[in-house]
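Q: The opening position of the sequence shown corresponds to residue 1 in full-length UniProt numbering, with each subsequent residue numbered one higher. From the three backbone atoms N, C-alpha and C, an ideal C-beta is built for every residue, glycine too. Since the structure is predicted, the reported quantities are computational estimates derived from the model, not experimental observations.
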Amino acid sequence: MAWPTGERRRVVATVISARHLPKKDMMMGKCDPFVVFEVDGKEVGKTSTKNKTYDPDWGERIELPWLESADSLVVRVLDHDMTGNEDVGYSDLGAPTVFGGEAGKENEFKVGLLDKKGKAVVGNDKKPTELTIKLLLEVQPTQPAGQGEMVAAAG
């Protein structure tokens, strides 16, 4: 999705919490979750890892990079393990919905997570897994060509 020429946009995300995470570690017990944001398949921000919990609270603000276009915005929850991170689930937030929204207005979303097969993720307590986030869209004009460049003085 491209937006009007002469502007760029970014999302400032606040990851509030996740609830009803599944048990991913057969040997170690509870989940060690963290959240990753991806724009067009590229990781652009992540939270800290919360240890040994099915119901983590983050309250972390993540400023995603300024963009001039984007086709997808995905939030992914992963379980940190010593042998590699395991995918808990993801939600495609919809770039047109997020980046096409009202600038300056923060909205809270509770999103369910899907596994790699597209099925809803269910927690250790048999309830649907959900992630609570707030998203704020910021819009900024891009600098017209030729402005702000240093001009060498002839001397």
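#1: Return yes when the Cβ of Ser17 is within less than 7 Å of the Cβ of Asp57, no when it is not.
#2: Is the beta carbon of Leu136 sitting closer than 7 Å to the one on Glu106?
#3: Spell out the partners DSSP gives Leu114 in its beta bridges.
#4: What number of angstroms, rounded off, separates the C-alpha of Phe37 from the C-alpha of Gly100?
#5: Between Gly6, Glu7, Ala13, Pro4, which has its C-alpha nearest Leu93's C-alpha?
#6: If you draw a straight line from the alpha carbon of Asn85 to that of Thr49, how long is it in whole angstroms?
#7: Counting along the chain, where does the beta strand (DSSP E) carrying Thr14 start and finish?
#8: Once DSSP output is grouped into helix, strand and coil, what is the label at Thr97?
#9: What's the gap between the Cα of Glu102 and the Cα of Lys119?
#10: Should Lys52 and Lys30 be called a contact, given that it needs their Cβ atoms to be closer than 7 Å?
#11: From Thr132 to Val15, what distance separates their C-alpha atoms?
#12: Going by the CB atoms, is the gap between Val74 and Pro33 shorter than 7 Å?
#13: What whole-angstrom Cβ distance do Leu113 and Tyr90 have, given they're in contact under 8 Å?
#14: Just how far apart, CA to CA, sit Glu43 and Ile62?
#15: Which residue or residues does DSSP assign as beta-bridge partners of Asn107?
A: Looking at the atomic coordinates:
#1: yes
#2: yes
#3: Tyr90, Ala120
#4: 18 Å
#5: Ala13
#6: 11 Å
#7: 7 to 19
#8: helix
#9: 31 Å
#10: yes
#11: 7 Å
#12: no
#13: 6 Å
#14: 12 Å
#15: Leu135
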